[in-house]
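**Student:** The structure's right below; bear with me while I get my questions together.
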Amino acid sequence: MNSDTTHSPQASLSAATLERFAREVAKYPPTGKQSAVMACLTIVQQDEGFVSEQREREIAAYLGMAPIAVHEVTTFYNMYNQRPVGKFKLNVCTNLPCQLRDGAVALKHLEKKLGIAMGETTPDGMFTLQQSECLGACADSPVMLVNDRTMCSFMSNEKLDQLIDGLKGAQ
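Each number in the numbering used here corresponds to the 1-based position in the sequence shown with 25 added.
If you want it as structure tokens, here you go:
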């Protein structure tokens with residue numbers, strides 16, 4: 026058998042990505058390398074914009090985990106995209122405290138303003154609209170998270186309009 030036809034489970038991950046994985050794994054004891062799963066998912070998402078099922082399997086193989094265990098992490102946290110998303114990912118909190126303070130109103134307003142339904146991306150690839158569970162800022166509701174990093178509080182329709190217009194202008 027020719028050794029050139031043998032493929033490792035990480036064959037499609039770049040050397041740079043594998044090097045970044047190794048740096049994250051090195052932070053844990055040898056028996057705890059699975060603890061780097063979130064860091065590895067984040068690295069793939071930074072590189073590719075989302076985490077495909079193929080990448081989940083490759084991360085699982087690298088960390089010695091069952092693929093379903095990696096998939097459970099990917100699907101539990103909404104910071105991991107399972108498909109390509111727009112330049113601006115908008116997560117509107119729809120948990121009960123935000124619902125009681127117009128979280129659903131904010132989501133509906135954004136659907137109308139952007140011309141898409143929750144879970145969709147605008148045709149120009151600019152915005153993806155998602156709902157999320159508690160963002161931990163109930164007193165500031167309704168709240169939303171932009172690109173998994175910027176928390177926006179007290180999001181009235183007027184503030185939502187200003188945000189969307191500002192993001193459009195920031196291209």
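Glycine is no exception: its CB is placed at the ideal position from the N, C-alpha and C atoms.
For histidine 134 and leucine 170, I'd like the C-alpha separation in whole angstroms.
**Tutor:** Sequence index remark: in the sequence shown, residue 134 carries index 109 (1-based). Sequence index remark: in the sequence shown, residue 170 carries index 145 (1-based). Rounded to the nearest angstrom, the two C-alpha atoms are 16 Å apart.
**Student:** Which runs of the alpha helix (DSSP H), 4 residues or longer, sit entirely within the segment 45–130?
**Tutor:** Runs of the alpha helix (DSSP H) inside the segment 45–130: 62–73, 78–88, 92–101 and 121–125.
**Student:** How do the segment 155–163 and the segment 111–121 stand: do at least 3 beta-carbon pairs fall below 8 Å, yes or no?
**Tutor:** Segments in contact, yes.
**Student:** Using the three-state DSSP reduction, which class does threonine 220 fall into: helix, strand or coil?
**Tutor:** With the chain represented from 26 up to 196, any question about residue 220 goes unanswered, as that position is not in the structure.
**Student:** I believe lysine 138 touches aspartate 72 by the beta-carbon criterion, under 8 Å. Please report the beta-carbon distance rounded to the nearest angstrom.
**Tutor:** Reading the sequence shown from its first residue, position 113 is the one you call residue 138. Reading the sequence shown from its first residue, position 47 is the one you call residue 72. Contact flag wrong, Cβ pair sits at about 31 Å.
**Student:** Who does leucine 170 pair with in a DSSP beta bridge?
**Tutor:** Here residue 170 refers to the residue found at position 145 when the sequence shown is read from its first residue. Answer by DSSP bridge pairing, in chain order: Asn116 and Met176.
**Student:** Within the same chain, show all residues whose beta-carbon is closer than 6 Å to that of aspartate 173, passing over the 5 residues directly before and after it, in chain order.
**Tutor:** As a working mapping, residue 173 is identified with position 148 in the sequence shown. Counting only Cβ-Cβ distances below 6 Å, and skipping sequence neighbours, we find Met104.
**Student:** Would DSSP call leucine 154 helix, strand or coil?
**Tutor:** Translated into the one-based positions of the sequence shown, residue 154 becomes position 129. Looking at leucine 154 - three-state DSSP - the assignment turns out to be strand.
**Student:** Could you name the residues that DSSP lists as bridge partners for threonine 146?
**Tutor:** Indexing the sequence shown from 1 puts residue 146 at position 121. In DSSP, threonine 146 forms a bridge with Thr153.
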